[in-house]
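Following: one structure in structure tokens, then a few remarks.
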Amino acid sequence: MEIIKNLHSYLAYVVLAVLVIAVINAIAGWLGKKDFTLQKDLRISLFALILSHIQLLVGLLLYFTSGNGFKAIKTLGMGGLNAPARLLAVEHPFINIIALVLITIGWSRHKKLMESERKFKTISIFYGLGLLLILSRIPWGQWFA
219 MEIIKNLHSY LAYVVLAVLV IAVINAIAGW LGKKDFTLQK DLRISLFALI LSHIQLLVGL
279 LLYFTSGNGF KAIKTLGMGG LNAPARLLAV EHPFINIIAL VLITIGWSRH KKLMESERKF
339 KTISIFYGLG LLLILSRIPW GQWFA
């Protein structure tokens, strides 16, 4: 259990870094009117998508096996959760799943577009919204405690 928890915690740093790079790259490409390249731009966005989904899978595994996730809701009920427990058991997983859906939509939509500017814009918006949602529900107190 501790290995899964550590993997989820440390992988989060990598995922956040790659998502930030993907969003900055997309904004720079969009505003700089650059060409969308397979060698750089596609790979950065794809790497962010893949790492985000791996993090989701590790998080879901942790959610259903740890005492802070589904077991906390089962034991205490929704009304029995205090704010930190509710963050881990409800808000963090729910909002991050929505974030991953947005990132996935951004990836899928950009593939259908031909113009570089629209590709960059789509990735900027959807990956950026996903990143903001993820940042809004990170249990910061546990990271820096």
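In terms of the working numbering, the sequence shown has 311 at position 93, counting the first letter as 1, and numbering is strictly consecutive. A virtual CB, placed ideally from N, CA and C, is assigned to each residue, including glycine.
- For the alpha helix (DSSP H) assignment, the uninterrupted runs of no fewer than 4 residues enclosed by the region 306-339 are, from N- to C-terminal side, 310-330.
- Spatial neighbours of Phe288 in its own chain (CB-CB distance under 7 Å, excluding positions within 5 residues in sequence) are listed in chain order as Tyr281 and Phe282.
- The C-beta distance from Leu351 to Ala317 rounds to 4 Å, short enough to meet the 8 Å contact threshold.
- Taking 8 Å as the cut-off, the beta carbon of Ser263 is found no closer than this to the beta carbon of Ala246.
- Contact annotation: the region 222-237 touches the region 270-281, with at least three C-beta pairs closer than 8 Å.
- Within 10 angstroms of the beta-carbon of Asn314 lie 16 or more other beta-carbons, which makes it buried.
- Contact between Ser354 and Ala244 is ruled out by a C-beta separation of about 20 Å, above the 8 Å threshold.
- Close CB contacts of Leu349 within its chain, under the 6 Å cut and outside five residues either way in sequence, are with Leu237 and Val241 (chain order).
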